[in-house]
Amino acid sequence: MLSSILLKIKLTNRSAFCILLKKLLTDLSVNKTVEKKPD
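In our numbering, the protein residues as written are 3 to 41.
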């Protein structure tokens, strides 16, 4: 019972971490494109 709950928490944490990582990467790429554009 407890192990299954821990496993579920691990999986949710991993997915949340992946979402955060993707968000950070997209933010970085957006910042790079903005910097490249001449004002």
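Idealized CB from N, CA, C, for every residue including glycine.
Own chain residues within Cβ distance below 7 angstroms of residue i, not counting five before or after
i   : result
I21 : none
L27 : none
Spatial neighbours of residue i in its chain, beta-carbon cut-off 8 angstroms, leaving aside the 5 residues before and after
i   : result
K10 : none
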